[in-house]
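For reference, the structure is listed below as structure tokens.
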Amino acid sequence: MTIEAVTRYRAHHSNYKIRDLMNTASSLIYWATEIACLPSDLPAIFHRDVIATFIEHQCNHLTNNTKVTRRSLLIRMSEAITPHPQKVTRLKPLSKDQPSAPYNSAEVMDLRDWAIHQNHQHTRINLAGILALCLGAGLSTPDLLDLRAQDIEQDEYGYIVHIKREGARRDVPLLYQWEPLLSQVLEHRDSSAWVVGPGRDGHNKNWVSNYIKRHHQPWRKSYPSVARMRHTWIFHHMVSGTPLGPMAYAAGLETFRTIEKLFPFVPEPSRDSVRHALRQAPYSPFTVPTP
């Protein structure tokens, strides 16, 4: 059975060594037939749910990274072996996410102080742009690297950041608290220039993190993290009552996984506030009409 499973996979793919395929497949097949007492049927053994159970209960001696790699390989083999596409279920994460807490107000002030008190003006402007766009608009690193000054629009209602990169197009209103800082950044940018790092060449994915690391001051309270700043922006809207639909659109979220991870940091509401918020919710198409 192991040879048959590997042969079917190799008929479509050749990106893994045969030895790795044999070892991984034989481990699953042995467990499924000898321990889990499943029938000797490859499609049954290589079902996604069986693979998930095998990894969760039979691979505890492996590191999380190894388990992720092994599960990924078995899922790829499953796709080649099963005759019909399976109904895709969400696989359980192999490690518990422990997201960093959103920055509090004191930490945000410390980050702002760090940015505006650098020795060189171009450094101050770059770091100010990172803070304004990540804490004020929730941009990710790919968003930052792809953003030009001409992609930011200002009107009587403030700034709108137009994200134009493929697969993430959206319009993000900037929090008004960050408008003065972003305005200072744009004063030093030509319309076609990158907002962050106007002199850089290309989209090196590590450019932002390397730039922050190079200018970090060890005595500061918090280390500047783009991901944590983005989470702080999302968290701000969660606790401020921003409707979920508009917030998810502006954040470019395809699932609510990020929101789930931030829920532990949301203060528990009082009974009265819950009752008032739900009873006084604005009209929607689902409102029950009055008889």
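Note that full-length UniProt numbering has the sequence shown beginning at 1, numbered continuously upward. Every residue gets a Cβ at the ideal spot worked out from N, C-alpha and C, and that includes glycine. From a predicted model like this one, the values you see are computed outputs, not experimental measurements.
{"Item": "Cβ shell of Tyr103 (< 8 Å), same chain only, five flanking positions each side left out", "Value": "Leu111, Leu135, Ser222, Arg228, Met229, Thr232"}
{"Item": "Closest by C-alpha distance to Leu21, when choosing among Leu42, Ser40, Thr7", "Value": "Thr7"}
{"Item": "Inter-residue spacing [alpha-carbon to alpha-carbon] between Pro269 and Val239", "Value": "10 Å"}
{"Item": "Within 8 Å, strictly: CB atoms of Asp155 and His162", "Value": "no"}
{"Item": "For Leu131 and His188, the rounded distance between their alpha carbons", "Value": "16 Å"}
{"Item": "Three-state class that DSSP yields for Trp114 in the structure shown", "Value": "helix"}
{"Item": "Sub-8 Å separation of Trp114 and Gln217 beta-carbons", "Value": "yes"}
{"Item": "As assigned by DSSP and simplified to three states, the class of His162", "Value": "strand"}
{"Item": "Under 8 Å between C-beta atoms of Phe46 and Ile3", "Value": "no"}
{"Item": "Proximity winner among His120, Phe265, Ile234, relative to residue 314 (alpha-carbon distances)", "Value": "Within the shown structure, residues of the chain are numbered from 1 to 291, placing residue 314 beyond reach of any answer."}
{"Item": "Cβ separation of Leu145 and His237, assumed to be a contact under 8 Å, to the nearest whole Å", "Value": "About 23 Å separates the two Cβ atoms, so there is no contact after all."}
{"Item": "Length-filtered (4 minimum) alpha helix (DSSP H) runs lying within the region 21 to 77", "Value": "42 to 45, 48 to 58"}
{"Item": "Counterpart residues of Trp194 in DSSP-defined beta bridges", "Value": "Arg148"}
{"Item": "Coil, strand or helix - Val208 by DSSP", "Value": "helix"}
{"Item": "Under the three-state DSSP convention, the category Val172 falls into", "Value": "strand"}
{"Item": "Close Cβ partners of Leu73 (< 6 Å) along its chain, the five nearest in sequence each way excluded", "Value": "Thr24"}
{"Item": "Reduced DSSP secondary structure (H/G/I, E/B, other) of Gln280", "Value": "coil"}
{"Item": "For Asp155, the residue or residues it bridges with in DSSP", "Value": "Gly158"}
{"Item": "Helix, strand or coil at residue 310 [DSSP, three-state]", "Value": "Nothing can be reported for residue 310: it is not among the residues displayed for the chain, which extend from 1 to 291."}
{"Item": "For Asp190, the nearest candidate out of Asn210, Ser183, Trp219, Arg148 (CA to CA)", "Value": "Arg148"}
{"Item": "CB contact flag (Pro142, Arg124, <8 Å)", "Value": "no"}
{"Item": "Opening and closing residue of the alpha helix (DSSP H) in which His122 lies", "Value": "121 to 137"}
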